[in-house]
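The structure under discussion appears below in the form of structure tokens.
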């Protein structure tokens, strides 16, 4: 980082001598921090929480040996072209339970997870960068961001603007299957279930009347009002939930809106950083992208991965409908 940043900076000439400019000092500081702190040192270019989003230029400057790049687009798109060195995780359900009522709930068996990730080169000390297509109607890059945080990986970021920004910036591409590294030595004891990142039905039910909890439904308005396009046994929403379609956090091109705009949106629903937020949708996929947005803004947030599939399956749980 340091040498790359300095080479790109200009030197100011003042009073016949060379002075180290403010730009160089800033770049050098960021570079040194980046060496020791991974994403934390380079995230200052963004308005949100350090480490949750990385730019194209920042990804380019990373040592490929120190990062796992995850492409979440469909396999056929990956084969056509992808970021060099990326691996393709294109089916979020590979990591979920198969029972009908629990289709969105992540598998908690760490031996299973290690078996999935080790052949792809994942290591505990490697940073993870996730990218997808900003036009994806489900934005599964958000699901993988949340999943990796839940499994205890400490340096996880989403690529700002995803595949679109990478290609617009002239980023290098590869074609064909992934060029996988040798299997890693990732071990079960290097991972843990980060329970602060997830909510289940009992956790929500216990806090349903709390003024300190904000429940956010990220489905479409029609689903919030009672439509069940994905086979849920009951329609409606969790009591006291507010409706914010996850797409409202992004512009028409699928690019995240600026922080001020996002905070103003949340303020209209009386959601602030003093509250704990839980997000949900049908199976915890769309809400996982909302989870990323809240993390980016510095809010305390959990994703309810069971979401409406789980909640609606249990007749003893209360619902509301519009």
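Numbering (this note's numbering), first residue to last: 128 to 449. Each residue gets a CB set at the ideal place from its N, CA and C atoms; glycine is no exception.
Indicate the three-state DSSP secondary structure (helix, strand or coil) for residue 423 in the structure shown.
Position 296 of the chain shown holds residue 423. In this structure, residue 423 counts as helix in the three-state DSSP scheme.
Around the C-beta of residue 209, are 16 or more other C-beta atoms found within 10 angstroms, so that it is buried, or is it exposed?
In the chain shown, counting from the first residue as 1, residue 209 sits at position 82. It is buried - the Cβ of residue 209 has at least 16 other Cβ atoms within 10 Å.
Taking DSSP's pairing of strands, which residues face residue 377 in a bridge?
Translated into the one-based positions of the chain shown, residue 377 becomes position 250. Checking the DSSP bridge columns, you'll see residue 377 partnered with 383.
Pull up the DSSP beta-bridge partners for residue 258, would you.
By one-based count along the chain shown, residue 258 stands at place 131. According to DSSP, which records beta bridges pairwise, residue 258 is partnered with 198.
Cα-Cα separation, residue 420 to residue 429:
On the chain shown, residue 420 is found 293 positions in, with the first residue counted as 1. On the chain shown, residue 429 is found 302 positions in, with the first residue counted as 1. If you take the alpha carbons of residue 420 and residue 429, they lie about 12 Å apart.
Using CA coordinates, which residue listed in 288, 346 and 427 is at the minimum distance from residue 407?
In the chain shown, the residue the question calls residue 407 occupies position 280. Measuring from the Cα of residue 407, the nearest candidate turns out to be 346.
Straight-line CA distance for residue 405 to residue 342?
Counting from one through the chain shown, the residue named residue 405 turns up at place 278. Counting from one through the chain shown, the residue named residue 342 turns up at place 215. A direct Cα-to-Cα measurement between residue 405 and residue 342 gives close to 5 Å.
What first and last residue would you give for the alpha helix (DSSP H) that runs through residue 271?
Start at 1 with the first residue of the chain shown, and residue 271 comes out as number 144. Its alpha helix (DSSP H) spans residues 267-277.
Mind checking who residue 325 pairs with in its DSSP beta bridge?
To locate residue 325, count along the chain shown from 1; it is residue 198. Beta-bridge pairing links residue 325 to 430.
Does the beta-carbon of residue 149 have 16 or more other beta-carbons within 10 angstroms, so that it is buried, or is it exposed?
Taking the first residue of the chain shown as position 1, residue 149 is located at position 22. Legend: pLDDT at residue 149 = 38, less than 50; position of this residue unreliable, value from coordinates given subsequently. So residue 149 ends up on the exposed side.
Per DSSP, residue 181 is paired with what?
Against the chain shown, residue 181 aligns to sequence position 54. Beta-bridge analysis with DSSP links residue 181 to 286.
Would you kindly work out how many angstroms separate the C-alpha atoms of residue 331 and residue 202, rounded to a whole number?
Mapped onto the chain shown, residue 331 falls at position 204. Mapped onto the chain shown, residue 202 falls at position 75. Distance between the alpha carbons of residue 331 and residue 202 is about 36 Å.
Is it buried or exposed, residue 299, if we count other Cβ atoms within 10 angstroms and call 16 or more buried?
Here residue 299 corresponds to residue number 172 of the chain shown, with the count starting at 1. Result: exposed.
Using alpha carbons as the reference points, say which of 271, 230 and 292 lies closest to residue 283.
For the purposes of this step, residue 283 is taken as residue 156 along the chain shown, with counting starting at 1. It is 271.
For residue 296, collect the residues of the same chain with a Cβ closer than 6 Å to its Cβ; drop the 5 residues on either side in sequence, then sort them by chain order.
Looking up residue 296 in the chain shown gives position 169. Excluding sequence neighbours, residue 296 sits near 183.
Residue 278 and residue 321 - do their beta-carbons sit closer together than 9 Å?
For the purposes of this step, residue 321 is identified with residue 194 of the chain shown, where counting begins at 1. For the purposes of this step, residue 278 is identified with residue 151 of the chain shown, where counting begins at 1. Yes.
Beta-bridge pairing of residue 209 - partner residues as DSSP gives them:
Taking the chain shown and counting its residues from 1, one reaches residue 209 at position 82. Beta-bridge annotation (DSSP): residue 209 is paired with 301.
What is the DSSP secondary structure of residue 313, reduced to helix, strand or coil?
Along the chain shown, read from residue 1 onward, the residue named residue 313 stands at position 186. When DSSP states are grouped into helix, strand and coil, residue 313 belongs to the coil group.
If you scan the region 336-376 from start to end, which runs of the alpha helix (DSSP H) of 4 or more residues do you find wholly inside it?
Along the region 336-376, the alpha helix (DSSP H) occurs as fully enclosed runs of 4 or more residues at 348-352, listed in sequence order.
Of the listed residues 204, 314 and 367, nearest to residue 337 (C-alpha basis)
Taking the chain shown and counting its residues from 1, one reaches residue 337 at position 210. Residue 367 is the option with its Cα nearest to residue 337.
Residue(s) in a DSSP beta bridge with residue 333
Residue 333 sits at position 206 when you count from the first residue of the chain shown. Under DSSP, residue 333 forms no beta bridge with any residue.
Can you list, in chain order, the residues of its chain whose CB lies under 7 Å from that of residue 361, leaving out five sequence neighbours each side?
As a first step, residue 361 must be located in the chain shown, where it is residue number 234. The answer, listed in chain order, is 439 and 446.
Selected residue, minimal CA-CA separation from residue 394, among 426, 237 and 381
Mapped onto the chain shown, residue 394 falls at position 267. Distances from the CA of residue 394 to each of 426, 237 and 381 were compared; the closest alpha carbon is that of 426.
How many Å lie between residue 280 and residue 235 at the Cα?
Looking up residue 280 in the chain shown gives position 153. Looking up residue 235 in the chain shown gives position 108. Their backbone Cα atoms lie some 14 Å apart in a straight line.
Classify residue 303: buried if its beta carbon has 16 or more other beta carbons within 10 angstroms, exposed otherwise.
To locate residue 303, count along the chain shown from 1; it is residue 176. Of the residues assessed, residue 303 falls on the exposed side of the cut-off, its CB having fewer than 16 other CB atoms within 10 angstroms.
Please list the terminal residues of the continuous beta strand (DSSP E) segment that includes residue 406.
Residue 406 sits at position 279 when you count from the first residue of the chain shown. Bounds of the beta strand (DSSP E) holding residue 406 are 403-407.
If I follow the unbroken alpha helix (DSSP H) through residue 237, where does it start and stop?
In the chain shown, residue 237 corresponds to position 110, counting from 1. 237-244 is the extent of the alpha helix (DSSP H) around residue 237.
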